[in-house]
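Visitor:
In our numbering, the protein residues as written are 1 to 444.
1) Measuring alpha carbon to alpha carbon, tell me which of 368, 186 and 117 ends up nearest residue 296.
2) Residue 53: buried (16+ other C-beta within 10 angstroms of its C-beta) or exposed?
3) Note down, one range per segment and in chain order, each alpha helix (DSSP H) of at least 4 residues found wholly within the region 62-137.
4) Among residues of its own chain, excluding the 5 on either side of residue 426, which ones have a beta-carbon nearer than 7 Å to its beta-carbon?
5) Measuring alpha carbon to alpha carbon, tell me which of 388, 271, 412 and 192 ends up nearest residue 300.
6) According to DSSP, simplified to helix, strand and coil, what is residue 439?
7) If you measure between the beta carbons of residue 79 and residue 41, is that distance less than 7 Å?
8) Suppose the cutoff is 6 Å on Cβ atoms and the five residues either side in sequence are ignored; what does the same chain contact list for residue 23 look like?
9) Is the Cβ-Cβ distance between residue 205 and residue 289 less than 7 Å?
10) Could you check if residue 43 is buried or exposed, using at least 16 other CB atoms within 10 Å of its CB as the buried criterion?
11) Would you call the region 167-183 in contact with the region 251-261, where contact means no fewer than 3 C-beta pairs closer than 8 Å?
12) For residue 160, I'd like the list of residues in its chain whose CB is within less than 6 Å of its CB, leaving aside the five on either flank, ordered along the chain.
13) Would you kindly check if the distance between the Cβ of residue 391 and the Cβ of residue 146 is under 7 Å?
14) Under a three-way DSSP split, which group does residue 429 fall into?
15) Give the secondary structure of residue 302 by DSSP, where H, G and I count as helix, E and B as strand, and everything else as coil.
16) Apart from the five residues on each side of it in sequence, which residues of its chain come closer than 7 Å, Cβ to Cβ, to residue 395?
17) Bridge partners for residue 257 per DSSP, in chain order?
18) Examine the Cβ distances between the region 209-224 and the region 410-422 and report whether three or more of them are shorter than 8 Å.
19) On the DSSP bridge assignment, give the partners of residue 445 in chain order.
20) State the Cα-Cα distance for the pair residue 272 and residue 302, rounded to the nearest angstrom.
21) Rounded to the nearest angstrom, how far is the Cβ of residue 117 from that of residue 331, given a contact under 8 Å?
22) Which whole-angstrom value is the C-beta distance of residue 407 and residue 221, which I expect to be below 8 Å?
23) By a C-beta neighbour count over all protein chains shown, 10 Å radius and 16 as the cutoff for buried, is residue 26 buried or exposed?
24) What's the gap between the Cα of residue 429 and the Cα of residue 421?
25) Measure the alpha-carbon distance for residue 72 versus residue 350 and round it to whole angstroms.
26) State the Cα-Cα distance for the pair residue 97 and residue 434, rounded to the nearest angstrom.
27) Any idea what DSSP makes of residue 29, helix, strand or coil?
28) Residue 225 lies in the beta strand (DSSP E); which residues open and close that run?
The structure is reproduced here in structure tokens:
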């Protein structure tokens, strides 16, 4: 296990250097007039134009002041050192499915933005359309990424690094550490403790999970894998395998556990209606439950609640206390331009704003995200000085890449529907799994 430097030391270590840099480096606060506007970064008459498409919340337009300030400063510093470049910012907002579909069309027609922020679930769709970062990365740069994250960023067919991941999350158990000294290691323990705490403390329920369309990703893949089963094969297509033999039996057992929690009054059946982090945060704020099965990405919202300091994060508990299997995902930059000069500039830009160790630490601290590079974790811990930060980073560091093959979405939809049918009592676990399998076979 790595020893992580605290954020307090991060701030002390960098305070003096940043003060000096602010006096010497063009583009830092107070040195020159800012060249950063919401839509254009740089001088309008600069001869080289780079088009950049970030997520709104991960951009310098973010409503979050800390993120906005950190990225504005980083972009301003870089653009003053590259006066011949201007960056046109095309922020992604709206329905993700529509955005991805349009991006596929644009990329196929060579009209996509030069560099675009992409989520791990869409990596497979763009491997053949994106350009490798390898010519601009050292072997040391590559080795500095958490191994599971480097695997996810790499095209499985060519072995080239096609993505640079800026955020990472995994899934596990959020729990009230003031009530639970040691988190449960098994789902059986979780059920017992959740029921007891609900009765003893007057909670509305004992356990909550976002049971909407992402439930396979959030919990079910981990539960099934921990027992030696698979929902999808470990191949480039994410071929479904959950409908037969041991895989079927294990998935049925996992779904049965969730139904038992509903029948016992520990978990509400309406979890199938919820899919957003805000749905968890609002319930944490109201003090409705002591346990949440969810992602590390919920940390920022949970911390901000009145009792946020009472919550901690632990690995995903499994049936029979099996060793936890952790999966990770996150957002990355993908490069679409075929212009070598722009590719080099883009890589340098990303290193200064999101990807370099210090840039990643600054961005992680501002946004509340776990760094994806080992050096950022080991030297410049980017979170608040709290044991929670280390548990989030440790969870990510142990996680494997999430499946992202072409069959993923079809399987995820079928499994989510099976979960919904079981939790609502509309079908037995056996019926739900068999129906999901028939649906997948028909669609494929």
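The C-beta atom is built at its ideal place from N, Cα and C for all residues, glycine as well.
Guide: Answer, in terms of the structure:
1) Within the chain shown, residue 296 is the residue found at index 296, counting from 1. Checking every option, the nearest Cα to that of residue 296 belongs to 368.
2) In the chain shown, the residue the question calls residue 53 occupies position 53. Per the 10 Å Cβ criterion, buried.
3) 65-80, 96-108 and 123-126
4) Numbered from its first residue, the chain shown carries residue 426 at position 426. Contacts found: none.
5) If you number the chain shown from 1, residue 300 lands on position 300. The residue with the shortest Cα to Cα distance from residue 300 is 388.
6) As a working mapping, residue 439 is identified with position 439 in the chain shown. Residue state, collapsed to three classes: helix.
7) On the chain shown, position 79 is the one that residue 79 refers to. On the chain shown, position 41 is the one that residue 41 refers to. In this structure, residue 41 lies closer than 7 Å to residue 79 by Cβ.
8) As a first step, residue 23 is located in the chain shown; it is residue number 23 there, counting from the start. At residue 23 the pLDDT is 28, less than 50, meaning the model places this residue with poor confidence and gives no usable figure here.
9) Taking the chain shown and counting its residues from 1, one reaches residue 205 at position 205. Taking the chain shown and counting its residues from 1, one reaches residue 289 at position 289. Their beta carbons are under 7 Å apart, which means residue 205 touches residue 289 by this criterion.
10) Counting from 1 along the chain shown, the entry for residue 43 is found at position 43. Per the 10 Å Cβ criterion, exposed.
11) no
12) In the chain shown, the residue the question calls residue 160 occupies position 160. The residues are 132 and 134.
13) In the chain shown, residue 146 corresponds to position 146, counting from 1. In the chain shown, residue 391 corresponds to position 391, counting from 1. Contact flag unset, no.
14) Residue numbering aside, residue 429 sits at position 429 when the chain shown is read from its first letter. Residue state for residue 429 is assigned as helix, using DSSP reduced to three classes.
15) By one-based count along the chain shown, residue 302 stands at place 302. Helix, per DSSP.
16) Sequence index remark: in the chain shown, residue 395 carries index 395 (1-based). 170, 172, 296, 313, 315 and 326.
17) Indexing the chain shown from 1 puts residue 257 at position 257. Partner(s): none; residue 257 has no beta bridge.
18) yes
19) Because the chain spans 1 through 444 in this model, residue 445 falls outside it and cannot be assessed.
20) Walking along the chain shown from the start, residue 272 turns up at place 272. Walking along the chain shown from the start, residue 302 turns up at place 302. Approximately 21 Å between the Cα atoms of the pair.
21) Stepping through the chain shown from its first residue, residue 117 is reached at position 117. Stepping through the chain shown from its first residue, residue 331 is reached at position 331. Sure, about 6 Å apart at Cβ, within 8 Å.
22) Counting from one through the chain shown, the residue named residue 407 turns up at place 407. Counting from one through the chain shown, the residue named residue 221 turns up at place 221. Incorrect: roughly 14 Å between the Cβ atoms, too far for contact.
23) Translated into positions along the chain shown, residue 26 becomes position 26. For residue 26, the pLDDT reaches just 36, beneath the cut-off of 50, and the residue's location in the model is therefore unreliable, leaving the point undetermined.
24) Position 429 of the chain shown, counting from 1, holds the residue named residue 429. Position 421 of the chain shown, counting from 1, holds the residue named residue 421. Between the alpha carbons of residue 429 and residue 421 lies a gap of roughly 8 Å.
25) Start at 1 with the first residue of the chain shown, and residue 72 comes out as number 72. Start at 1 with the first residue of the chain shown, and residue 350 comes out as number 350. Straight-line Cα distance between these residues: approximately 13 Å.
26) Position 97 of the chain shown, counted from the start, is the residue given in the question as residue 97. Position 434 of the chain shown, counted from the start, is the residue given in the question as residue 434. Cα-Cα distance, rounded: 27 Å.
27) For the purposes of this step, residue 29 is taken as residue 29 along the chain shown, with counting starting at 1. Only weak support exists for where residue 29 lies, its pLDDT of 43 falling under 50; the coordinates are left without a value.
28) The residue labelled residue 225 in the question sits at position 225 within the chain shown. Here residue 225 belongs to no beta strand (DSSP E); instead the alpha helix (DSSP H) covers 221-226.
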